[in-house]
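Student: One structure is given below, represented as structure tokens, and several questions about it will come after.
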Amino acid sequence: MGFLDVLFGRSKPVKPDLDQLFGLPSAAITLQAATGFTPTGAGSVCFSSIEGGAFAQVHQDVRALLDMDTQRGGTPVQSSRDDYGYSWLLIRRNPDNLPALVGDLHAVNTALQDSGFGPQLLCSLVAFRDAELRPLALIYLYKRGTFYAFAPLPGEKRDNPLELQVKATLADDLRIEQDLTRWFPLWGAPGL
0 MGFLDVLFGR SKPVKPDLDQ LFGLPSAAIT LQAATGFTPT GAGSVCFSSI EGGAFAQVHQ
60 DVRALLDMDT QRGGTPVQSS RDDYGYSWLL IRRNPDNLPA LVGDLHAVNT ALQDSGFGPQ
120 LLCSLVAFRD AELRPLALIY LYKRGTFYAF APLPGEKRDN PLELQVKATL ADDLRIEQDL
180 TRWFPLWGAP GL
């Protein structure tokens, strides 16, 4: 970063570190012990789609790779598009096998990044529920290299105390996003 960048308040964007996703299984153990939330087996990747044959081919290759798991008892990958035009790939695995789900999420992100579509990646999420079936997601922000908690409530409200409790609980397990204005709500996110 140069002198003018400092002078004008510009900062270098954080380089994504997809290996941070592999911290989720141990963070899930901490989360369960502290709050009772357990993985549901659902995870998803959100990205902005672009037109063109190269992107369509990568998207098709990623789906084919993950759908191979259906032959081993997994469920097919589901694609959807939200109200804002973003694409989602929903992956479901056995809730007791969070490492496999994280591996799949990592594979999707890596395939898109390695094919030159890293700028289209927005986030990945892993869903959790507690004994009262309250939803919670741990969300990885691709462009920030950080995680945050999202706890939706009925009526498009958030359980902010729970989100902050999760932030404090997982501070030693995951790289937590410190700027709370970047904790975007993901209403209706697939898998949540």
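To convert, note that position 131 of the sequence shown is 130 in numbering that gives the first Met the number 0; the numbers rise steadily by one, no gaps.
Even glycine gets a Cβ: it sits at the ideal position worked out from N, Cα and C.
As the structure is a prediction and not an experimental result, all values here were calculated from the model.
(1) Whose C-beta lies closer than 7 Å to the C-beta of F146 among residues of the same chain, with five residues either side of it excluded?
(2) For a test of the three-state rule: what should DSSP assign to I28, helix, strand or coil?
(3) CB L89 to CB S47, shorter than 8 Å?
(4) Going by alpha carbons, who is nearest to D18 out of G35, V57, N108 and I49?
(5) How long is the line joining the alpha carbons of T34 and P98, rounded to whole angstroms?
(6) Is it buried or exposed, F36, if we count other Cβ atoms within 10 angstroms and call 16 or more buried?
(7) Quick one: give me the first and last residue of the beta strand (DSSP E) that L132 is part of.
(8) Between L65 and P153, what straight-line distance do the alpha-carbon atoms span, to the nearest angstrom?
(9) How about G144 and P94: do their beta carbons lie closer than 8 Å?
(10) Taking the C-alpha atoms as reference points, what is the distance between L121 and Y85?
(11) Is the distance from the Cβ of G190 to the Cβ of L124 below 8 Å?
(12) Could you compute how far the alpha carbon of V76 sits from the alpha carbon of F127?
(13) Could you name the residues that DSSP lists as bridge partners for Y139?
(14) Hey, E155 and W186: beta-carbon distance below 8 Å or not?
(15) Does the beta carbon of F116 come closer than 8 Å to any beta carbon on chain B?
(16) Could you name the residues of the same chain whose beta carbon sits closer than 8 Å to that of R157, not counting the 5 residues immediately before and after it, in chain order?
Tutor: A quick look at the data gives this:
(1) Around F146, the same chain offers L137, I138, Y139, L173, R174, I175 and E176 as residues with beta carbons nearer than 7 Å, after the five sequence neighbours per side are excluded.
(2) It is helical.
(3) No, the pair does not count as a contact, with Cβ atoms beyond the cut-off.
(4) With distances taken between Cα atoms, D18 lies closest to N108.
(5) Using only the alpha carbons, I get a separation of about 20 Å.
(6) With 16 or more other CB atoms across the displayed protein chains lying within 10 angstroms of its CB, F36 is buried.
(7) Where L132 is concerned, there is no enclosing beta strand (DSSP E), given that its DSSP letter is neither H nor E.
(8) Distance between the alpha carbons of L65 and P153 is about 32 Å.
(9) Going by C-beta atoms, G144 is not nearer than 8 Å to P94.
(10) Each residue's Cα considered, the two are about 9 Å apart.
(11) Closer than 8 Å, so yes.
(12) Straight-line Cα distance between these residues: approximately 19 Å.
(13) Residue pairing by DSSP places Y139 opposite S123 and F146 in a beta bridge.
(14) The beta carbons of E155 and W186 sit closer together than 8 Å.
(15) Going by chain labels, chain B is absent from the structure shown, which holds only one protein chain.
(16) The answer, listed in chain order, is F149, A150, P151 and P184.
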